[in-house]
Amino acid sequence: MRKAIVSLALVASLGVSVFNLTSGTATTEKTITLEGQKWSKEKADKWYAEHKWISGANFIPSNAINQLEMWQESTFDPKTIDRELGYAQGVGFNTMRVFLHSVAYKADPKGFKKRMEEYLKISDKHGISTMFVFFDDCWNPNPAVGKQPEPKPGIHNSGWMQDPGYPDVEHADDKELEAYVKDILKTFGTDKRILLWDLYNEPGNSNKGAKSLPLLKNVFKWAREANPSQPISAGLWNWNLPELNTLQAQNSDIVTYHFYEDMDGHKRIINLLKTHDRPMICTEYMARTKNNSFYNHMALLKEQNIGAINWGLVAGKSNTIYAWSTPVPSGDEPDIWFHDVFRQDGTPYRQDEVNIIKKLNGVK
9 MRKAIVSLAL
19 VASLGVSVFN
29 LTSGTATTEK
39 TITLEGQKWS
49 KEKADKWYAE
59 HKWISGANFI
69 PSNAINQLEM
79 WQESTFDPKT
89 IDRELGYAQG
99 VGFNTMRVFL
109 HSVAYKADPK
119 GFKKRMEEYL
129 KISDKHGIST
139 MFVFFDDCWN
149 PNPAVGKQPE
159 PKPGIHNSGW
169 MQDPGYPDVE
179 HADDKELEAY
189 VKDILKTFGT
199 DKRILLWDLY
209 NEPGNSNKGA
219 KSLPLLKNVF
229 KWAREANPSQ
239 PISAGLWNWN
249 LPELNTLQAQ
259 NSDIVTYHFY
269 EDMDGHKRII
279 NLLKTHDRPM
289 ICTEYMARTK
299 NNSFYNHMAL
309 LKEQNIGAIN
319 WGLVAGKSNT
329 IYAWSTPVPS
339 GDEPDIWFHD
349 VFRQDGTPYR
359 QDEVNIIKKL
369 NGVK
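Residues 9 to 372 in my numbering are what the sequence shown lists, from first letter to last.
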């Protein structure tokens with residue numbers, strides 16, 4: 009889904025130490041741990057052991073260009089959600105990572121929560137747990153309620169919206185954002201259909217860097233104060249943002265991360281993240297043109313007992329079959345899909361991939 013990922017030859021800051029992937033040396037990094045109820049290692053391990061191997065996809069229905077179109081009352085579409093989660097169930101996926109949006113909540117708090125409940129009923133019917141995402145620094149910076157833009161032909165995620173976007177991200181103490189996070193967590197904080205709360209997707213993306221640090225700190229603080237029964241996390245994604253990475257890694261109950269590059273790099277990142285001695289879930293991977301696929305990376309994650317959540321389920325208005333930086337202005341289907349598993353009618357993009365997904369998920 010994302011724009012360019014920083015080269016693995018750069019600095020990897022993954023917790024109390026900053027590890028240089030080129031030299032193999034480590035330097036001490038100041039600990040940034042927030043007050044609250046971070047889970048003990050024992051509690052995190054017990055929680056992870058209680059779940060079947062976590063596998064699934066990032067999900068947005070194919071007829072929604074972004075989170076607002078998914079969640080607004082006028083365009084919320086339970087029938088499409090039900091049909092497409094059925095495709096996921098058919099290959100043995102048991103978890104979907106789903107982005108919320110504060111703008112949709114602010115416009116209609118009660119309706120928004122009602123639609124979350126409806127989504128959860130549908131996903132639970134298909135045996136699928138949900139990992140909800142609060143904030144997001146990726147793509148378009150000015151979300152607004154109402155009719156959403158039409159897709160730009162051949163452009164990856166042309167209509168995806170940041171949350172909260174500008175200028176709200178610069179007002180980290182926004183009482184409305186705090187109320188939103190706490191209301192959702194208190195409403196659904198003991199819901200067994202929810203696997204985990206992903207507090208902030210790719211903080212620092214869109215060239216924000218450390219500007220996202222205050223909001224990242226606050227969303228961890230708000231979540232700890234709400235104290236849900238499910239674990240909380242914020243995934244590492246850019247190995248050259250030491251302050252953000254340290255905060256994310258040291259305050260997450262379960263370590264989550266994104267990886268779209270090659271196998272050698274993925275193995276190295278796994279070994280570095282294992283130093284946190286916490287269960288791990290890769291919450292974004294799979295980019296075919298980078299040779300990051302179900303055959304190699306999903307198999308690696310299964311072998312390592314790390315959760316595997318690929319980007320994309322059904323090709324649609326998000327245009328994530330196109331690569332980040334390789335637009336196809338004609339809108340023609342690319343020779344190789346970047347993300348996604350199914351066409352809208354449920355036909356697999358590649359039957360051989362579906363076969364390996366089912367095999368890794370233990371589906372005959």
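Ideal Cβ positions, reconstructed from N, Cα and C, are used throughout, including at glycine. Since the model is a prediction, treat every value here as computed from it, not as a measurement.
Worksheet item: Could you give the distance in angstroms between the alpha-carbon of N102 and the alpha-carbon of I202?
Response: For the purposes of this step, residue 102 is identified with residue 94 of the sequence shown, where counting begins at 1. For the purposes of this step, residue 202 is identified with residue 194 of the sequence shown, where counting begins at 1. Cα to Cα, N102 sits roughly 11 angstroms from I202.
Worksheet item: Is the number of C-beta pairs between the stretch 272–279 and the stretch 327–344 that are closer than 8 angstroms three or more?
Response: no
Worksheet item: Considering only C-alpha positions, which residue in the set K133, N279 and G162 is nearest to G339?
Response: The count along the sequence shown starts at 1 and reaches residue 339 at position 331. Among K133, N279 and G162, the Cα nearest to that of G339 belongs to G162.
Worksheet item: From Y174, W147, R286 and L249, pick the residue whose C-alpha is nearest to that of S241; which is it?
Response: Counting from one through the sequence shown, the residue named residue 241 turns up at place 233. With distances taken between Cα atoms, S241 lies closest to R286.
Practice prompt. Could you pull out every residue in the same chain whose Cβ sits closer than 6 angstroms to the Cβ of T41, ignoring the five residues on either side in sequence?
Written response: Indexing the sequence shown from 1 puts residue 41 at position 33. In this prediction, T41 scores a pLDDT of 48, lower than 50, which makes its location untrustworthy; no coordinate-derived value is stated.
Discussion item. Just verifying my parser: in three-state terms, what is the DSSP assignment at P342?
Written reply: The sequence position of residue 342 within the sequence shown is 334, counting from 1. Coil.
Discussion item. Helix, strand or coil for L249? Go by DSSP, reduced to three states.
Written reply: Counted from its first residue, the sequence shown places residue 249 at position 241. In the structure shown, L249 sits in coil (DSSP, three-state: anything other than H, G, I, E or B).
Fill in: Beta-carbon proximity list for D116, same chain, < 7 angstroms, skipping 5 on both sides
As a working note, residue 116 is residue 108 in the sequence shown. The residues are E81.
Worksheet item: Around the C-beta of Q359, are 16 or more other C-beta atoms found within 10 angstroms, so that it is buried, or is it exposed?
Response: On the sequence shown, position 351 is the one that residue 359 refers to. Exposed, since its Cβ has fewer than 16 Cβ neighbours within 10 Å.
Worksheet item: What number of angstroms, rounded off, separates the C-alpha of G354 from the C-alpha of G167?
Response: For the purposes of this step, residue 354 is taken as the residue at position 346 of the sequence shown. For the purposes of this step, residue 167 is taken as the residue at position 159 of the sequence shown. Their Cα atoms are separated by approximately 24 angstroms.
Worksheet item: Can the beta-carbon of L76 be found less than 9 angstroms from the beta-carbon of A187?
Response: Position 68 of the sequence shown, counted from the first residue, corresponds to residue 76. Position 179 of the sequence shown, counted from the first residue, corresponds to residue 187. Cβ atoms of L76 and A187: not closer than 9 angstroms.
Practice prompt. For F67, I'd like the list of residues in its chain whose CB is within less than 6 angstroms of its CB, leaving aside the five on either flank, ordered along the chain.
Written response: Along the sequence shown, read from residue 1 onward, the residue named residue 67 stands at position 59. The residues are M104, V106 and L321.
Worksheet item: Where does V227 sit, in a helix, a strand or coil, going by DSSP?
Response: By one-based count along the sequence shown, residue 227 stands at place 219. In this structure, V227 counts as helix in the three-state DSSP scheme.
Fill in: Span of the beta strand (DSSP E), counted from its first residue to its last, around T195
The residue given as residue 195 occupies position 187 in the sequence shown. Not the beta strand (DSSP E): T195 falls in the alpha helix (DSSP H), residues K183 to F196.
Worksheet item: Among E361, Q352, G64 and F196, which has the Cα closest to the Cα of E125?
Response: Mapped onto the sequence shown, residue 125 falls at position 117. Checking every option, the nearest Cα to that of E125 belongs to F196.
Discussion item. Could you compute how far the alpha carbon of F143 sits from the alpha carbon of L108?
Written reply: Numbered from its first residue, the sequence shown carries residue 143 at position 135. Numbered from its first residue, the sequence shown carries residue 108 at position 100. So the alpha carbons of these two residues sit roughly 8 angstroms apart.
Fill in: Per DSSP, cross-strand counterpart(s) of L280
The count along the sequence shown starts at 1 and reaches residue 280 at position 272. None, per the DSSP bridge assignment.
Worksheet entry | Inter-residue Cα distance where the pair is Y56 and K49 | Within the sequence shown, numbered from 1, the residue matching residue 56 stands at position 48. Within the sequence shown, numbered from 1, the residue matching residue 49 stands at position 41. Roughly 11 angstroms separates the two Cα atoms.
Discussion item. Which of the three DSSP states is assigned to H274 in this structure?
Written reply: One-based indexing of the sequence shown puts residue 274 at position 266. Helix.
Discussion item. Here's the rule: buried if 16 or more other CB atoms are within 10 angstroms of the residue's CB, otherwise exposed. What is N299?
Written reply: Counted from its first residue, the sequence shown places residue 299 at position 291. Flag for N299 reads exposed.
Practice prompt. Determine the direct distance from the alpha carbon of L255 to that of A34, and round the result to whole angstroms.
Written response: Here the question's residue 34 lines up with position 26 in the sequence shown. Here the question's residue 255 lines up with position 247 in the sequence shown. Reliability fails at A34, whose pLDDT of 38 lies under 50, so the model's placement of it is uncertain and the value that follows must be treated cautiously. Rounded to whole angstroms, A34 to L255 spans 18 angstroms at the Cα level.
Practice prompt. Compare the Cα-Cα distances from L280 to each of L244, P149 and G370 and report the closest residue.
Written response: For the purposes of this step, residue 280 is taken as the residue at position 272 of the sequence shown. Measuring from the Cα of L280, the nearest candidate turns out to be L244.
Discussion item. By the three-class DSSP mapping on this structure, what secondary structure does I240 have?
Written reply: Taking the sequence shown and counting its residues from 1, the one referred to as residue 240 is at position 232. DSSP places I240 in strand when its eight states are reduced to three.
Item to complete: On the DSSP bridge assignment, give the partners of N102 in chain order.
Response: Taking the first residue of the sequence shown as position 1, residue 102 is located at position 94. Bridge partners of N102: none, in fact.
Fill in: With 16 other Cβ atoms within 10 Å as the buried cut-off, status of N209
For this step, residue 209 is matched to residue 201 along the sequence shown. By the neighbour-count rule (16 or more Cβ atoms within 10 Å), N209 is buried.
Item to complete: Rank W147, V349, G154 and Y174 by C-alpha distance to the C-alpha of H164 and give the top, closest one.
Response: Numbered from its first residue, the sequence shown carries residue 164 at position 156. Residue W147 is the option with its Cα nearest to H164.
Worksheet item: Are the CB atoms of I278 and I317 nearer to each other than 9 angstroms?
Response: Residue 278 sits at position 270 when you count from the first residue of the sequence shown. Residue 317 sits at position 309 when you count from the first residue of the sequence shown. No, the Cβ-Cβ distance between I278 and I317 is not below 9 angstroms.
Worksheet item: Looking only at its own chain, which residues have a Cβ that is under 6 angstroms from the Cβ of A180, when we skip the five neighbours before and after it?
Response: Translated into the one-based positions of the sequence shown, residue 180 becomes position 172. These residues qualify, in order along the chain: P222, L223 and N226.
Worksheet item: Would E311 be called buried (16 or more neighbouring beta carbons within 10 Å of its own) or exposed?
Response: In the sequence shown, residue 311 corresponds to position 303, counting from 1. Exposed is the call here.
Worksheet item: First and last residue of the alpha helix (DSSP H) that includes D53?
Response: As a working note, residue 53 is residue 45 in the sequence shown. It spans K49 to A57 - the alpha helix (DSSP H) in which D53 sits, taken as one unbroken run.
Discussion item. At the level of alpha carbons, what is the spacing between E58 and Y95?
Written reply: Working through the sequence shown from its first residue, we reach residue 58 at position 50. Working through the sequence shown from its first residue, we reach residue 95 at position 87. C-alpha separation (whole angstroms): 25 angstroms.
Worksheet entry | Proximity winner among T291, Y174, K114 and I329, relative to L207 (alpha-carbon distances) | As a working note, residue 207 is residue 199 in the sequence shown. Among T291, Y174, K114 and I329, the Cα nearest to that of L207 is on T291.
Discussion item. With the cut-off set at 9 angstroms, would you say M169 and V99 are in Cβ contact?
Written reply: The residue you call residue 169 lines up with position 161 of the sequence shown. The residue you call residue 99 lines up with position 91 of the sequence shown. Not closer than 9 angstroms, so no.
Worksheet item: Run through DSSP, which three-state label would S63 get?
Response: What you label residue 63 is simply residue 55 of the sequence shown in a count that begins at 1. The answer is strand: DSSP assigns S63 an E or B state.
Discussion item. Looking only at its chain, what residues have a beta carbon closer than 6 angstroms to the beta carbon of V371, apart from the 5 residues adjacent to it on each side?
Written reply: Here residue 371 corresponds to residue number 363 of the sequence shown, with the count starting at 1. Taken in chain order, the residues that qualify are G100.
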